Amino acid sequence: MSEHIDRKGIQLTRALKSRHIFMLSLGGVIGTGLFMGSGVTINQGGPVGAILAYLVAGFLMYLVMVCLGELSVQMPVSGSFQTHATQFIGPATGFMIGWVYWMSWATTVGLEFTAAGMLMTRWFPAVPIWYWSALFVVVLFGINAMATRAFGEAEYWFSGIKVAAILGFIVVGVLVIFGVMPLSSGAPAPMMNNLIGDSLFPNGLSAVFAVMMTVVYAFQGCEIMGVAAGETDQPEKSIPRAVRNVVFRVLIFYVLAIIVLSAIVPWQQAGLMESPFVQVFDMVGIPYAADLMNFVILTAILSVGNSGLYASTRILWAMSKTGMAPKSLSPLSKRGVPLRALSITLCFALVSLLTSFIAADTLFMVLMAVSGMSGTVTWMVIALAQYKFRKAYLRDGGKLSDLKYRAPWFPVLPLMCITLCCSLFVFLALDETQRPSLYWGFGFIALCYGAYFLFHRKREAVLAPSLPSV
1 MSEHIDRKGI QLTRALKSRH IFMLSLGGVI GTGLFMGSGV TINQGGPVGA ILAYLVAGFL
61 MYLVMVCLGE LSVQMPVSGS FQTHATQFIG PATGFMIGWV YWMSWATTVG LEFTAAGMLM
121 TRWFPAVPIW YWSALFVVVL FGINAMATRA FGEAEYWFSG IKVAAILGFI VVGVLVIFGV
181 MPLSSGAPAP MMNNLIGDSL FPNGLSAVFA VMMTVVYAFQ GCEIMGVAAG ETDQPEKSIP
241 RAVRNVVFRV LIFYVLAIIV LSAIVPWQQA GLMESPFVQV FDMVGIPYAA DLMNFVILTA
301 ILSVGNSGLY ASTRILWAMS KTGMAPKSLS PLSKRGVPLR ALSITLCFAL VSLLTSFIAA
361 DTLFMVLMAV SGMSGTVTWM VIALAQYKFR KAYLRDGGKL SDLKYRAPWF PVLPLMCITL
421 CCSLFVFLAL DETQRPSLYW GFGFIALCYG AYFLFHRKRE AVLAPSLPSV
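Residues 1 to 470 in UniProt numbering are what the sequence shown lists, from first letter to last.
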């Protein structure tokens, strides 16, 4: 526990329960990627292509979660995969992934403030967007500044609203598909005609590969479970349970929702409106459907921002403890919260928010490119860290039976995860519109490695002994 204690003896508290970890992971995964982006995926990849893309991305998420589960149970620290990468891959990679991940989430949080403000204009069109953005900045800062248990409760209810909305949508959608609930236009029940009526891949198989990275983005956020491990009560029980529950339930939510959307809304029309979920409710004629979904999407955005602010703050704090970030960010508040790291993260989020207005074609584009790639790079690092940990563990005489949780199919599983992640970069390279993100993303990664070897390599001998042992 020494890695969680600051100079005044205040420490991170293990106040998060199993239900908090489960909902925290859901909060990072179920967001605008499903509520807003699923229609575009169906439109570009076709109904069957979209379902296939989500299944492949869900399988990749499973590989990542079991790898992270083994590492997090064995070494439950707030630095999570950043600390794991430092110890099992090398300090340079730990430095790189920590800063890339922090910048990615801080940028995303900034965008969530704008998106939330824009949604509020539906109810208050005369109020400027920045008023609402400022309000949500204060709200999320307050939630994250509270004790860890209070943060966990807030995210629990944020995520609960999203899950309830998806389940309600699936039930209504099934009733519409089979004609139990009629369409307001008087059209006959769609049955499965929209789903299988056209060719399986109307825009070609290449279109499915093109949307694959977008679909993978929708699943990224599940790794927040590992970041929260350092503040989890009984991680040896909570983490395995979260891995099982999150992977299969998220996959079911996503795939069933996509099947319902594809069956009701023709793929040619999907993605042409603000949200395909609102489109379905409008087709059914449910009163106040648009307002209801606007509220759900607002909740989803705040949930993602809340989870992202938490994750990026804990990563920055963990790096400050080992000298990879300024030491001045390491003190904790009386409630055991890294307020300085939280404040710096929020300030960067606000800067990224400003760049979306004043430097949208330059700096903001770079931030978004790095943010988009960071999730896949993080997944690769998690799999590689688990692979190297297991190799070192067995080499040092460790017994598999002593591991409280272990990823199956070693070494096939982590190597498969790394291979699939690499294939996503190939898809990016083949798509002219997404290719620039490779240049900026890998450029920033190279910059992080360069910064480490120029300014931090001398600390390598000091960093290794300070890491928690396994």
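Note that the Cβ used here is the ideal one computed from N, Cα and C, for glycine as well. Fair warning: this is a prediction, and the values are worked out from it, not measured in the lab.
In this structure, Gly49 sits near Phe201, with a CB-CB distance shorter than 8 Å. Val73 is a Cβ neighbour of Ile239, given a cutoff of 8 Å. A contact is defined here as three or more CB-CB pairs under 8 Å, and the region 400-418 fails this definition with respect to the region 95-108.
Between the C-alpha atoms of Asp402 and Gly221 there is a straight-line separation of about 29 Å. For the pair of segments examined, the region 244-260 was found not to touch the region 87-94: the number of CB pairs separated by less than 8 Å stays below three. Between Phe455 and the set Phe136, Asn193, Ala263 and Met324, the nearest pair of CA atoms involves Met324. Note on geometry: alpha-carbon atoms of Asp431 and Arg241 lie some 38 Å from one another. In the DSSP assignment, Tyr62 falls within the unbroken alpha helix (DSSP H) covering Pro47 to Gln74.
Straight across, the Cα-Cα distance linking Ser159 with Gly397 is about 42 Å. DSSP places Leu261 in the helix class (H, G or I) of the three-state scheme. Given a length threshold of 3 residues, the region 357-427 has no whole run of the beta strand (DSSP E) inside it. Judged by pairs of C-beta atoms under 8 Å, the region 136-149 does not touch the region 318-332, as fewer than three such pairs exist. Ranked by how close their Cα comes to the Cα of Tyr393, the residues Ser312, Leu415 and Arg406 have Arg406 in first place. With a cutoff of 8 Å on beta-carbon distance, Ile264 and Val171 are scored as not near each other. In this structure, DSSP gives Leu16 an extended state, which the three-state scheme calls strand.
In the displayed model, Thr322 falls within coil according to three-state DSSP, outside both helix and strand. Under the three-state reduction of DSSP, Thr148 is assigned to helix.
By alpha-carbon distance to Ala349, the top candidate from Tyr310, Pro190 and Met118 is Tyr310.
Pairing Phe113 with Gln234, the inter-Cα distance amounts to about 34 Å. Rounded to whole angstroms, the gap between the alpha carbons of Ile196 and Pro47 is 8 Å. In the structure shown, the three-state DSSP call for Thr93 is helix. In this structure, the alpha-carbon of Val260 lies about 37 Å from that of Phe357. Annotation: the continuous alpha helix (DSSP H) that includes Ser437 extends over Arg435 to Ala451.
In this structure, the beta-carbon distance from Asn194 to Gly45 does not fall below 8 Å. In this structure, DSSP gives Thr41 a helical state, which the three-state scheme calls helix.
The C-beta distance from Gly173 to Val280 rounds to 6 Å, short enough to meet the 8 Å contact threshold. CA-CA distance, Leu420 to Leu60, rounds to 7 Å. A distance of 8 Å or more separates the beta carbons of Trp267 and Ala369.
Between Ser303 and Lys162, the C-beta spacing is below 8 Å.
Check the Cα spacing between Thr214 and each of Ala451, Phe427 and Gly450: the tightest is with Phe427. Taking all protein chains in view, the Cβ of Pro76 is crowded by 16 or more other Cβ atoms within 10 Å, so the residue is classified as buried. Rounded to whole angstroms, the Cβ separation of Val208 and Tyr62 is 20 Å, and the two are not in contact under 8 Å.
One Cα belongs to Asn144, the other to Ile445, and the distance between them is close to 28 Å. The beta carbon of Met192 lies closer than 7 Å to those of Ala263 in the same chain, with the five residues before and after it left out. Phe425 sits away from Glu223, with the two beta carbons spaced by 8 Å or more. When C-beta atoms of the region 149-158 are compared with those of the region 289-303, three or more pairs fall below 8 Å, so the two segments count as touching.
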